[in-house]
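Here's the structure we're looking at; comments come further down.
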Amino acid sequence: MAEAGVILAATGVVKRFNALVVLDRVDFTVGAAEAVGIVGPNGAGKTTLLNVLAGALRPTMGTIRFRGGDVTGAQAAERCRLGIARSHQVPRPFGAMTVFENVLVAATAGGGFAREAAHDRSIDALDRCGMLRVANRRAETLGLLDRKRLELARALATDPIILLLDEIGGGLTDAEADELVGTILELRKRGLAIVWIEHIVHVLLQVVDRLVCMSAGRIIADGEPKAVMADAAVIEAYLGGGVA
Ligand SMILES: Nc1ncnc2c1ncn2[C@@H]1O[C@H](COP(=O)(O)OP(=O)(O)O)[C@@H](O)[C@H]1O
Ligand SMILES: [Mg+2]
């Protein structure tokens with residue numbers, strides 16, 4: 000049985016790609032309205048963990064539970080309806096559609112909202128991400144920064160209970176990073192649980208309650224953010240991985 004307050008739990012998760020073990024018996028939990036950061040060198044398995052949580056990949060072994068139910072066999076679309084939304088590290092909007100249309104598809108197909116509710120949700124999601132100004136542009140004309148914001152808006156439009164974010168902050172100026180932190184803190188106030196993979200640790204630390212560090216497919220530290228950053232195994236993983 001899950002611990003009290005835990006809404007999302009991965010237990011004993013292994014993911015192999017042929018001989019390559021990318022997740023090696025990972026146990027990971029997120030509490031209701033909790034914000035958890037994930038750091039770790041490139042190739043550590045962070046995106047793969049997010050894929051397994053969101054249903055884009057099936058684990059080789061282990062289980063994923065969400066709000067008391069076993070979702071290990073549930074497709075991504077089904078998990079999205081249950082309240083698990085994610086952004087992609089490499090944004091992939093429908094390029095020929097407008098920004099608004101992209102978000103509307105997420106609200107209807109992903110969130111299950113009917114026409115008018117989907118419309119209102121989409122406007123709200125765009126507003127929260129500062130994207131109303133480009134709502135009528137074709138998605139393929141956006142720069143990388145706005146594509147990342149669009150990823151966030153699409154995830155929000157599904158009205159999630161938990162948001163899984165994969166490197167949405169890379170390449171931001173200080174002002175843009177502050178704006179993003181403001182947006183995420185606002186979502187926290189509304190009670191969303193958040194899992195945020197990010198290399199920019201000082202940005203992450205403004206938002207998260209807990210920090211997890213992954214290295215070579217394992218969770219090597221999990222706890223209070225500053226304590227995790229000071230952990231000897233974490234420092235070693237970063238030096239060994241050559242990523243700051
Ligand atoms: N579909 C795949 N097939 C084979 N190997 C993969 C696949 N996806 C990821 N990997 C490998 O798994 C490891 C972890 O990747 P990833 O989860 O993207 O790491 P991170 O997000 O921490 O940088 C890497 O060695 C990567 O090459
Ligand atoms: Mg990644």
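The numbers in numbering that gives the first Met the number 0 rise by one with no breaks, and the one at position 212 of the sequence shown is 211. Heads up, the beta-carbon is just placed ideally off N, CA and C, and yes, glycines get one too.
Neighbourhood of residue i by C-beta distance below 8 Å, restricted to the same chain and skipping five residues each side
i: E77; result: G54 and V70
i: L143; result: P90 and G170
i: M0; result: Unreliable positioning characterises M0 in this predicted model, as indicated by a pLDDT of 42, which lies under 50. The coordinate reading is nonetheless provided below. Nothing meets the Cβ criterion.
Nonlocal neighbours in the same chain, by C-beta distance under 7 Å from residue i, ignoring five residues either side
i: T157; result: C79, A84, A105, A106, G109 and G110
i: A215; result: A43
i: Q205; result: V180
Whole-Å CB distance - residue i paired with residue j, under 8 Å assumed
i: I63; j: A9; result: 5 Å
i: S86; j: L171; result: The Cβ separation is near 14 Å, so there is no contact.
i: K14; j: L56; result: 7 Å
i: L191; j: P159; result: 7 Å
i: K147; j: P90; result: 6 Å
i: I6; j: R66; result: 5 Å
i: N101; j: L149; result: 6 Å
i: T47; j: R127; result: The pair is not a contact, with the Cβ atoms about 28 Å apart (cut-off 8 Å).
Whole-angstrom distance between residue j and residue i, CA atom to CA atom
i: E197; j: G42; result: 13 Å
i: A231; j: Y237; result: 10 Å
i: R132; j: R187; result: 24 Å
i: I161; j: G168; result: 18 Å
i: A34; j: D119; result: 26 Å
i: V25; j: M60; result: 10 Å
i: V242; j: P40; result: Note that V242 has pLDDT 48, beneath the 50 cutoff, so the model's placement of it is unreliable and no number is given.
i: Q74; j: H201; result: 34 Å
i: D177; j: I218; result: 28 Å
i: G239; j: A95; result: 42 Å
i: I193; j: A32; result: 7 Å
i: V233; j: C212; result: 7 Å
i: L22; j: G222; result: 20 Å
i: E115; j: V38; result: 39 Å
Element boundaries [beta strand (DSSP E), containing residue i]
i: A8; result: V5 to F16
i: D145; result: From DSSP, D145 is part of no beta strand (DSSP E) but of the alpha helix (DSSP H) over L143 to L155.
i: F65; result: M60 to F65
i: I218; result: R217 to G222
i: A43; result: Where A43 is concerned, there is no enclosing beta strand (DSSP E), given that its DSSP letter is neither H nor E.
i: G36; result: A34 to V38
Where the alpha helix (DSSP H) through residue i begins and ends
i: C316; result: A question about residue 316 goes unanswered here, because the residues of the chain that appear run from 0 up to 243.
i: V194; result: Segment A192 to I196 is the beta strand (DSSP E) holding V194; no alpha helix (DSSP H) there.
i: D123; result: R114 to R127
i: T28; result: Counting along the chain, T28 falls outside any alpha helix (DSSP H), though it belongs to the beta strand (DSSP E) covering L19 to G30.
Sequence-distant residues of the same chain with beta carbon closer than 6 Å to residue i, five excluded per side
i: E139; result: G94
ask   = Can you pull every residue whose C-beta falls closer than 6 Å to some heavy atom of ligand 1, listed in chain order?
value = F16, L19, V21, G39, N41, G42, A43, G44, K45, T46 and T47
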